Each structure stands twice: as C-alpha cells, then as structure tokens.
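Here's the structure we're looking at; comments come further down.
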Amino acid sequence: MSFINYSAREINTKVVYYGPGLCGKTTNLQYIFNATNEGARGKMISLATETERTLFFDFLPLNLGQIRGFNTRFHLYTVPGQVFYDASRKLILKGVDGIVFVADSQRERFDANIESIENMFDNLREQGIDPKSVPYVIQYNKRDLPNAVPVQELRAALNKDNVPDFEACAQSGEGVFETLKGIAKLVLQKLREGAAG
Amino acid sequence: MKVVACTHCDTRYRLDPAKFDKPRLRIRCKKCGEPFDVDLSEPEVEAPTAPPQPEPPAPAAPQPNAEAAAPAPSSATDDTGTGDAIILIAHANPDVAAEIQSTVAAFAKEVHITDNGVDALMYIETHKPQIAILDVALPKMFGFEVCEIVRRDEELSGVRVVLVAAIYDESRYKRPPSSLYGADDYIEKHRIPDELQEKISRLLGAKAAPTEPQEAAPTAPPADTTAPAASPAVSEPAPPSTAPAPPAAEQTPEPASPPPADGDEQRLERARRLARTIISDIALYNTDKIDEAVSGGDPEVILADELAEGAQLFTERIAPEVRDVEPFLLNALRDYIDNKRREAGQ
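Which chain is which? The protein sequence lines are X and S, in order. Following this note's numbering, the numbering of the first sequence begins with 1 at its first residue and continues without gaps. Following this note's numbering, the numbering of the second sequence begins with 1001 at its first residue and continues without gaps.
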C-alpha cells in the first residue's frame, strides 16, 4: 500500500519484481542499483545464497525525484521465483502498488513463465486484491539468448491484459530502466486517480 | 454443398449442410464482419460465375457449431477433385488463415478453419484430418498444447501436425525450435508461401495416402520416400511419438481412466505444466545433479530429495482426482532428461 507522508511531503510506494526462478529479477535490481547515483538510492539488501537462490527478497529503495513537490520513493522488491517458495511470495506481495512481471524468454522456461504469472494472479486474489486493480507491466528478459522465444509467442501466452511490455537484457541493462519507468508511470497514475477520487 | 451469400456485402460462401446440427445458422461474414442468418433448408442462391475470393465464415458467438464450417474456396482445386485430404487450419489471424488456405487448397477436398485451440482440438478428435496446421500461440489453448494432446492419442496417430511459428526478428533470433511438441513439422509464418506446399506434400506422401496428391504439389520432391514421416525440416531429433508407427510407445501410456472431458483435459494439462515447471526449476538450481543424471545416472535416485519436495508441492496444488491420473513428475523428469541426453548426442 502506498504511503503518503504529507508533512515530509513524501510518497512511498512498493513495486514487486515477480517472475519464475532465475529469470533476472535480482539482476534488474542490481543494474538499477549500480546505475543510480548514491543520493538517489538506499542500501540494497539481498538475501540470496551463493547458488543464486533468492530465499526471501531483494530490497532497493529508490528516489525518483520530486513530483508536484512530493519526494517519490519507490521500494523495489523481488520475490523468490522458484515454485517452492510460494509462502514468501505471498508475504512480499502484501501492500503492493505495482508489479513488474519478469519473463524468461528462453524456450525451456516457457511453462515456468505461465505458471508464475498465474501464480501471481492467484496470490493477489487470495489477498482479496483484484489483479486488474494492480498496475503491472511485463518484461521479456534475456532477449539476447539464442533460444529466446519470439516475443509474439510470449505476448500471446502472458500478456492477456495487454499491459505495457518491454524487451530486456537485464545483464547489459537493456530495457531495465524502460521497464522501471513503465511501472512507475502506471503506479503514479493510479495514485493520482486515487487522490482525485 | 450449399452456396450462401452475406446479406450485407453479397460475399458468397459454400457450406456443407451435413456439418450442422440445425438448418438455421447465424454466421459472421469474414469480409464485412457483419452477421447474417442462413437457412440451409432454403433453395440456394445462384452460384457466382466469378467468385470474389470468398473467405471462410467465422462463427457467430451464440452458434459455436457454426464454426465447424470453413468452406474451401469455390474456385480452388477442391471442386476439381485433385485434392484428397481434410485439412485443418487453426490461426487467430484470418489473413494468415486465408493465406494458408489458398496455399494448401490444391491438396484439400475439405479445409476447416478455426481461430482457437479448443475448437481445433475438438475438430481433430471428431474429424481426424490428415493435416492440422496450428499456430503455436492460439487463443484458448496453445497450438503446441493441442499438438501434445493429439500426440498422446493413438487414434490420432494419422494426423500430421504442422506448427506455425511467428518470428520476432528474423535475423536476430532465427533458430530451430528446441521442441516441436511432437509435431511433424513447423513453419515460420513468413515462409508459408514458399515452403508450406512442399511440407504438406511430403507429409501426405509419407503417410501412405490412399491417393497421390503429387499432381497438385508442384514443388514437392517425390523422392522423399526414404524419409520417415516424422522427419521435420529442422535438424532436431523428433520425439518418438511422431513416428507413423510408434515403436512400443515407452512414453506414458494413459492409464485405465476414461478419456477426459474438455474441462478435465485442461486440468490435466495444467497439472502437466506444473510438473514441467517443477522439474525445470529443480534442474535450474541443481545443474550438477542433472549433469550426473544425463551422463547415465538414475535421475530418480540422484534427485530423490528434490523430487520429494516437488511431489509435496504438486500434491498441495493439484486436486487428488487429477494428480493420480498419471505419474506427472516422473514423466516430466524423464522427458527432461531424455531431451538433455538427445541434445548431448547420447
């Protein structure tokens, strides 16, 4: 749930990077962390093991500058992508303001993408959240790999709601900020609508 | 066959009354998009002398049966009898479907077009077409899922499946698919005009068809008799189930349970997908063990702990009446290891 601190003139929002195991969620955050100057970001907390398992989450607070006199801080989280860590995913989704679904473009992970996005919708519903009410974007990551599935195929399988989607190669940073801007725009738009309503 | 005309734009279509339950139908004109009523019991409209490229009618929403009708173009070879095959075309884009239809018309005595995977599967099960050309990313059920279901059904072993793949960026990502899902061949969308006829010709020829369609296949190489029906144009090993006479199908015969209804089939498919995801995740995080299994170890022993964890998750997520239908996890594991072994050339 977004938090607006009027006295400090600060807006805090929570954005979760969701997706199947090893799809590049943490890599997205790492790239953002490395490419952002120190004044704009907080400390990145990463709870991962040397086997690259994200056991709980990564967390990166990010200052997106002033919007109408309010400091806008985005708190970026990742979930553990493996099918086994559903309980953690549910916890991390609580109070979410926006989601980046990171799909792994590799053919071998096609099923895992579908499973993961359905799991995301299920977990939102389980918390009484209508999935259509949460802004989300999709990132087709690992576009540089030779076994990448054509985007149309991924889009047909994953982007049924026709949300903004982006191609990316998170390791090189291609598409990472475009995706972040995409979700930030939707989240802020939603906040404005909420304030207007 | 009965010729009917759109009441809005006069585009004409040929319908086979035998295919419909009721004489009165509502169909949507592919040309102008307007729905119109058809009474198959009425005397037919005058057949056109110069047919204006009729396209197949799409079903009107309240008349799902109507979409069984996808008439062949009246000017195509269907009427001359050169074609002998029943061909199913499943593509969500009507323009692509029409392009495929005109490309394969020479082989067909009947072409059926649908725009979604569920109807495609139903048609295959009821009509057993010789050729099914399926878009990979069909609405309702993906083409490759349809293909997998068809391949598991012995009775449908005579159906040759061609998957149509879209191409994102030809130069950058062009590659043979890593899996054909049991299909006999695949074709990229932009190659339909140049290559589809040849592929259909080869598939029909290799299938020991009762009649020879070679006459209608100008580009068909007739010397392909040594090639098995399953040999696709790509250099990947075809799954065993694609062979015309599967050798003692070691792949998971369906158990004694009755054939599932549509909803059941979707639940089964979902269970299979979860199983594949679990195995894929296990493999992703246990590459050393997978390597050991691929080089000849017993995967069930090597990955015993991970499989137990996977089985627990599977049990939590999948209803009891579905999860006992087949050994989902072990099948997925076996397929995964087999694929890896094939890739490794073992």
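For each residue, glycine too, the CB sits at the ideal point set by N, CA and C. Remember, predicted model here, so these are calculated numbers, not experimental data.
| query | result |
| --- | --- |
| Quick check on D1281(S) - is its C-beta less than 8 Å from some C-beta in chain X? | yes |
| DSSP puts E1292(S) in a beta bridge; with which residues? | The partner list for E1292(S) (beta bridge, DSSP) is empty, contrary to what the question assumes. |
| Among the candidates G95(X), S88(X), D86(X), whose CA atom is the shortest distance from the CA of H75(X)? | G95(X) |
| When you compare each of E1321(S), I1279(S), P1023(S) to A1332(S) by their alpha carbons, which one comes out closest? | I1279(S) |
| Opposite D1037(S) in the DSSP bridges: which residues? | R1026(S) |
| Under three-state DSSP, which class holds K1002(S)? | strand |
| Hey, out of E1154(S), S1041(S), E1269(S), whose CA is closest to M1141(S)'s CA? | E1269(S) |
| Excluding five sequence neighbours on each side, which residues of the same chain lie with their C-beta closer than 7 Å to the C-beta of P131(X)? | F121, L124, R125 |
| Which residues, in chain order, does the stretch 112-126 of chain X contribute to contact with chain B at a C-beta distance below 7 Å? | The displayed structure is made up of protein chains X and S, and chain B is not among them. |
| Which partner residues does T13(X) have in the DSSP bridge list? | F74(X) |
| I'd like to know if A87(X) contacts chain S, where contact means its C-beta is closer than 8 Å to some C-beta of that chain. | no |
| Let me confirm a value: Y6(X) is counted as buried when at least 16 other C-beta atoms fall within 10 Å, else exposed. Which label applies? | exposed |
| Candidates A157(X), K43(X), A168(X): which alpha carbon is nearest V1136(S)'s? | A157(X) |
| Terminal residues of the continuous alpha helix (DSSP H) containing K1340(S)? | 1328-1343 |
| Output, in chain order, the set of chain X residues within a Cβ distance shorter than 8 Å of A1120(S). | Ordered by position in chain X, no residue passes the 8 Å Cβ test against A1120(S), which lies about 15 Å from the chain. |
| Counting only the same chain and skipping the five closest in sequence on each side, list residues whose C-beta sits under 6 Å from that of G1297(S). | none |
| Is the CB of E153(X) under 8 Å away from at least one CB in chain S? | yes |
| Below 7 Å CB to CB, which residues in the same chain sit around F1144(S) once its five sequence neighbours on both sides are set aside? | V1136, L1163, Y1181 |
| Can you check DSSP and say which residues form a bridge with T1114(S)? | A1090(S) |
| Chain X beta carbons: is any one of them nearer than 8 Å to that of L1307(S)? | no |
| Using Cβ-Cβ distances below 9 Å, what residues of the stretch 71-104 of chain X are close to chain S? | G81, Q82, V83, F84, D86 |
| Would you give the residue range spanned by the alpha helix (DSSP H) that D1150(S) belongs to? | Reading off the sequence, residue 1150(S) comes out as Val, not Asp. V1150(S) -> alpha helix (DSSP H) spans 1143-1151. |
| T13(X) and G98(X) - do their beta-carbons sit closer together than 8 Å? | yes |
| Within the same chain, show all residues whose beta-carbon is closer than 6 Å to that of A112(X), passing over the 5 residues directly before and after it, in chain order. | P20 |
| Between the stretch 1013-1028 of chain S and the stretch 177-192 of chain X, do at least 3 Cβ pairs fall closer than 8 Å? | no |
| Compute the Euclidean distance between the alpha carbons of E1343(S) and S105(X), then round it to the nearest angstrom. | 20 Å |
| Cα separation between S1241(S) and E1148(S)? | Because S1241(S) carries a pLDDT of 34, less than 50, the predicted location of this residue cannot be relied on, and the following value inherits that uncertainty. S1241(S) and E1148(S): Cα-Cα distance of roughly 10 Å. |
| Give the interface partners of V1136(S) over in chain X, defined as CB-CB distance under 7 Å, in chain order. | E153 |
| Compute the Euclidean distance between the alpha carbons of Q189(X) and A103(X), then round it to the nearest angstrom. | 24 Å |
| Is R203(X) helix, strand or coil when you go by DSSP? | Lying before the first or after the last residue shown, residue 203(X) is absent from chain X, which here runs from 1 to 197. |
| Which residues of chain X have a Cβ atom closer than 7 Å to the Cβ of I1278(S), listed in chain order? | V83 |
| Quick check: the Cα distance between R192(X) and P135(X), rounded to an integer number of angstroms? | 13 Å |
| Contact criterion: CB-CB distance below 8 Å. Does F1142(S) meet it with respect to chain X? | yes |
| Just to confirm my understanding: we take F70(X), look at its own chain, exclude 5 residues before and 5 after, and list those with CB closer than 7 Å. What are they? | R9, E10, I11 |
| For chain S, check one thing: does any of its Cβ atoms lie closer than 8 Å to the Cβ of G175(X)? | no |
| Per DSSP, what are the beta-bridge partners of V100(X) in this structure? | Y17(X), V137(X) |
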